[in-house]
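Quick note on numbering: the sequence shown equals residues 1 to 360 in full-length UniProt numbering. Built from N, CA and C at the ideal position, the CB exists for glycine as well. Note that this is a predicted model, so its numbers are computed, not measured. Working notes, structure below.
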Amino acid sequence: MNTTQLVIAFFITLISTVLFVYPIKKFAVRFGFLDHPAERKIHKKATPRLGGLAIFLGVAIGLLYLRPSIPDFLPIIGGAFVIMIVGLLDDKYQIRPIIKLTGQLAATGIVISAGIVIDKLTLPILGTIEFNSFFAIFITVIWIVGVTNAINLIDGLDGLASGVTTIGLISILIMAISDAQFAVIYLATVLIAGNIGFLFHNFYPAKIYMGDTGSMFLGYSIAVISTLGLFKNVTLFSFIIPIIILAIPIFDTLFAIVRRIINGDNIMLPDKKHIHYQLLAAGFSHRTTVLIMYGFAALFGTIAILFSRVSTGITFLLTLALLVLLQIFAELVGVIGKGKTPLLKMMKKTYHKVKLNAKL
């Protein structure tokens, strides 16, 4: 691996993405790729939302410069192209969820056809478990489609999705460098650069949104990269590492699904109960809310790195503590639903018991 070339590719991608946004923004306005204000949205005026195309083109130029020797590179690009087409259609026409899902499955199918699958997981006590072909395909589909949609769901505030995925990709890059996983290093580097270049235009107050074009592309990319690298790692708890890295989008999505089931709502329909919206409702500013989410993403990314490097007992306990804190935090800001606060109620009940026993 040539470090100098990697650094050059990083800046080529970053600068290209920054510059691509200008013509793409004009194109989006002219041809109606706009995100209009609505009840569940917080922006007040129509905003171009084709920014994901700038990230894609910037990343493409960076990879053209690098010309990395990556096994199954073409199928990965093919899947990304399908994702981009679906995203473009959705940004223009707001296509039905089932059509989006079909496109995501098609992109995942291209990747799987090249043999990129989660064929084994390393678990505590049980060790490495190898899957048969059917189960490997099933797990891979769930992972790639799930992460693709999870990133899409957190794309609700200026700079949120691009920042959170950047932090996740940095965590992946650090582990890939230490494990000499060159394919992951190349892909993560240009994706980080593309994200940072886009953040120049997307951080609050945003001049352009990434749209589904960008959120699905980033979700797909980080899911495929983690399949290439992190799931192949034979260290203990390897299956937990990518989940920890993507804890913010994954758990926000799980919260949303559970909340909608409990409240009897359609799980496919959007709402304003995601963590970032609830932080806004709790009185935090737009910028502060995004920075808080960055902080959570960085904490989980750090834990993921520690998981692969130090005592598993310590990191396991620390992760459990963080998950409990995230759950409490979610209950405090009302993510799960009004009155649905099991941990807070349990803590309150325990407190009153201790207080009563102390009096006796």
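Excluding the 5 residues flanking residue i on each side, which residues of the same chain have their C-beta closer than 6 Å to its C-beta?
i: Gln181; result: Gly229
i: Thr47; result: Asp35, Tyr209
i: Gly214; result: Gly51, Gly52, Ile55
i: Leu187; result: Ile225
i: Ile57; result: The sequence given here places Leu at residue 57; Ile does not occur at that position. So the list reads Phe20, once near-sequence residues are dropped.
Spatial neighbours of residue i within its chain, please: CB distance less than 7 Å, with the 5 preceding and 5 following residues excluded, ordered by chain position.
i: residue 412; result: Examination of residue 412 is not possible in this model, given that the chain is present from 1 through 360 alone.
i: Gln5; result: Leu66
i: Thr189; result: Leu6, Ala9, Phe10, Leu173
i: Thr289; result: Leu157, His276, Leu279, Leu280
i: Lys340; result: Ile262
i: residue 429; result: No answer is possible for residue 429: it lies beyond the span of the chain, which begins at 1 and ends at 360.
What would DSSP say about residue i, mapped onto helix, strand or coil?
i: Asp158; result: coil
i: Leu34; result: strand
i: Pro48; result: strand
i: Thr341; result: coil
i: Leu246; result: coil
i: Lys207; result: coil
i: Phe237; result: Its pLDDT being 48, under 50, Phe237 is placed unreliably by the model, and the measurement read from it follows with that caveat. It is coil, neither helix nor strand.
i: Ile118; result: coil
i: Ile95; result: coil
i: residue 361; result: Limits of the chain in this structure are 1 at one end and 360 at the other, which puts residue 361 out of reach.
i: Ile129; result: strand
i: His352; result: helix
i: Phe284; result: coil
i: Asn152; result: helix
i: Arg259; result: helix
i: Asp212; result: helix
i: Asn2; result: coil
i: Asp252; result: helix
i: Ile222; result: helix
i: His201; result: helix
i: Gly301; result: helix
i: His274; result: coil
Note down the Cα distance separating residue i from residue j, rounded to an integer number of angstroms.
i: Leu160; j: Ile167; result: 11 Å
i: Ile222; j: Thr165; result: 8 Å
i: Ser69; j: Ala107; result: 21 Å
i: Ile139; j: Ala114; result: 16 Å
i: Gly32; j: Tyr209; result: 13 Å
i: Met175; j: Ile305; result: 7 Å
i: Leu325; j: Leu34; result: 37 Å
i: Leu105; j: Pro342; result: 36 Å
i: Ile118; j: Ile225; result: 11 Å
i: Lys120; j: Asn132; result: 9 Å
i: Asp155; j: Gly52; result: 12 Å
i: Ile303; j: Ile245; result: 8 Å
i: Arg260; j: Val145; result: 20 Å
i: Ala358; j: Pro205; result: 53 Å
i: Leu323; j: Ile243; result: 12 Å
i: Lys25; j: Val258; result: 37 Å
i: Gly79; j: Met293; result: 29 Å
i: Arg287; j: His274; result: 16 Å
i: Gly295; j: Asn152; result: 19 Å
i: residue 400; j: Glu331; result: Since the first and last residues shown for the chain are 1 and 360, residue 400 lies out of range.
i: Ile112; j: Asp91; result: 26 Å
i: Asp265; j: Ala256; result: 10 Å
i: Arg309; j: Val82; result: 36 Å
i: Lys45; j: Leu218; result: 25 Å
i: Ala28; j: Leu320; result: 44 Å
i: Ile76; j: Gly109; result: 10 Å
If you drop the 5 nearest sequence neighbours on each side, which residues of the same chain put their C-beta closer than 8 Å to that of residue i?
i: Ile61; result: Ile12, Thr13, Ser16
i: Ile177; result: Ile185
i: Ile192; result: Phe10, Thr166, Leu169, Ile170, Leu173
i: Val86; result: Ile95, Ile99, Lys100, Gly103, Gln104, Ala107, Asp212, Met216
i: Asn202; result: Gly51, Asp158, Gly159, Ser162, Ile208, Tyr209, Met210
i: Leu318; result: Ile303, Leu306
Here's the rule I'm using: 16 or more other beta-carbon atoms within 10 Å means buried, otherwise exposed. How should residue i be labelled?
i: Met84; result: buried
i: Leu254; result: exposed
i: Glu130; result: exposed
i: Phe300; result: buried
i: His352; result: exposed
i: Ala297; result: buried
i: Leu356; result: exposed
i: residue 361; result: The structure shown does not extend to residue 361, since the chain is modelled only from 1 to 360, so the question has no answer here.
i: Lys345; result: exposed
i: Pro71; result: exposed
i: Thr227; result: buried
i: Arg30; result: exposed
i: Tyr93; result: exposed
i: Ala194; result: A quick correction: the sequence has Gly, not Ala, at residue 194. Buried: at least 16 other Cβ atoms inside 10 Å.
i: Leu63; result: buried
For residue i, verify whether its CB is less than 8 Å away from any heavy atom of the ligand GDP.
i: Phe31; result: As far as ligands go, the structure on display features none, and thus does not contain the ligand GDP.
- Does the region 7-27 touch the region 194-206, meaning 3 or more C-beta pairs lie closer than 8 Å? yes
- Query: Any chance the region 146-161 sits against the region 244-260, with 3 or more Cβ pairs inside 8 Å?
  - Reply: yes
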